[in-house]
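Worksheet: one structure, shown below.
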Amino acid sequence: MKLYDFPLSGNCHKVRLMLSLLQLDYDLVFVNLKEGEQKTAAFLQLNPLGQVPVLIDEEVVICDSQAILVYLARRYGGEQWLPTDAKSMSQVMKWLSITANNIQNSIAAARLHFLFNIQLDLDLAQQKAYQILQIFNEHLSRREWLECSRPTIADIACFPYIALAPQGKISLDAYPHVTAWINRIKDLPGYISMPGIG
Ligand SMILES: N[C@@H](CCC(=O)N[C@@H](CS)C(=O)NCC(=O)O)C(=O)O
412 MKLYDFPLSG
422 NCHKVRLMLS
432 LLQLDYDLVF
442 VNLKEGEQKT
452 AAFLQLNPLG
462 QVPVLIDEEV
472 VICDSQAILV
482 YLARRYGGEQ
492 WLPTDAKSMS
502 QVMKWLSITA
512 NNIQNSIAAA
522 RLHFLFNIQL
532 DLDLAQQKAY
542 QILQIFNEHL
552 SRREWLECSR
562 PTIADIACFP
572 YIALAPQGKI
582 SLDAYPHVTA
592 WINRIKDLPG
602 YISMPGIG
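Here the working numbering is used: the first residue of the sequence shown is 412, the next is one more, and so on.
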């Protein structure tokens with residue numbers, strides 16, 4: 412397998428973490444986002460959206476971190492990481508949508524502003540970030556994992572940008588159930604970190 416990657420990307424880290432938890436071998440291909448390598452003709456052949464991560468597994472090319480997690484879980488993870496019964500699968504998928512929308516547009520957006528000087532409505536991003544953290548904290552006050560009483564790709568998909576929240580000047584201090592969940596993920600066998608996650 413080959414992962415087109417940028418080290419500071421939380422979306423790429425979801426995939427690196429999943430590959431490690433599944434103990435899968437792969438090659439990393441560095442895509443220099445700062446130099447615009449993701450917009451070259453060659454890369455756009457892989458992902459017309461011009462974004463990392465992209466995973467290639469033999470003849471299969473997958474873009475979008477959530478889609479890649481679904482692929483890895485189904486292809487290599489058995490029932491553990493993405494269960495196939497209708498209720499459990501829909502519960503896991505809900506969190507994939509939440510991370511791609513609510514987390515990306517709030518917590519991840521604030522981080523982009525401070526780390527890469529991206530101009531955006533910071534007040535709105537931070538306000539939405541605290542709303543979503545409150546929802547996670549309440550949800551995790553009653554369970555250890557987001558769904559299914561065990562780690563699934565729901566947890567892996569939501570983890571990086573929440574753990575990276577302090578880089579967007581969003582404090583996790585008021586969310587003890589979220590920080591306990593972060594620590595449980597860090598304790599998983601095969602866990603790997605990335606720059607910005609302590
Ligand atoms: N929905 C996509 C978003 C991917 C994304 O935003 N990738 C960023 C890095 S985290 C990127 O490649 N940005 C460069 C660009 O948009 O030009 C996913 O989950 O993979």
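Just so you know, even glycine gets a beta-carbon here, dropped at the ideal spot from N, CA and C.
In this text the structure is predicted, and so the values were computed from the model without any measurement.
Apply the 10 Å Cβ neighbour rule to ILE546 and answer buried if 16 or more other Cβ atoms are within range, or exposed otherwise.
Only exposed fits ILE546, as fewer than 16 other CB atoms lie within 10 angstroms of its CB.
Using alpha carbons as the reference points, say which of ILE543, THR563, ASN458, ILE518 lies closest to LEU483.
For the residues ILE543, THR563, ASN458, ILE518, the minimum Cα distance to LEU483 belongs to THR563.
Inter-residue Cα distance where the pair is GLU470 and LEU457:
If I take the Cα positions, the gap works out to 12 Å.
Alpha helix (DSSP H) containing CYS569: first to last residue?
Its alpha helix (DSSP H) spans residues 564 to 574.
Residues in the same chain with beta-carbon distance under 8 Å from LEU444, minus the five sequence neighbours each way, listed in chain order, please.
If the five residues before and after LEU444 are omitted, its C-beta is found closer than 8 Å to the C-beta atoms of PHE417, SER420, VAL463, all from its own chain and listed in chain order.
Please state whether DSSP places LEU460 in a helix, a strand or coil.
Reduced to three states, the DSSP call for LEU460 is coil.
Three-state secondary structure (DSSP) of ASP598:
Residue state, collapsed to three classes: coil.
Return the bridge partner residues of CYS474 from the DSSP annotation.
CYS474 is bridged to VAL465.
Do TRP592 and LEU544 have their C-beta atoms closer together than 8 Å?
For TRP592 and LEU544, no; Cβs fall outside 8 Å.
Tell me whether ASN528 is buried or exposed, calling it buried when 16 or more other Cβ atoms sit within 10 Å of its Cβ.
Within a 10 Å sphere around the beta-carbon of ASN528 sit fewer than 16 other beta-carbons, which makes this residue exposed.
What does DSSP give as the partner residue(s) for LEU414 in the beta ladder?
Residue pairing by DSSP places LEU414 opposite LEU439, LEU466 in a beta bridge.
With a Cβ-Cβ cutoff of 8 Å, do SER476 and ASN422 count as a contact?
Their beta carbons are under 8 Å apart, which means SER476 touches ASN422 by this criterion.
Which residues bound the alpha helix (DSSP H) around GLY421?
Looking at the DSSP string, the run of the alpha helix (DSSP H) that includes GLY421 is 421 to 432.
Expressed to the nearest angstrom, what Euclidean distance is found between the alpha-carbon atoms of ALA648 and ALA574?
This structure leaves residue 648 out entirely; the chain is present only between 412 and 609.
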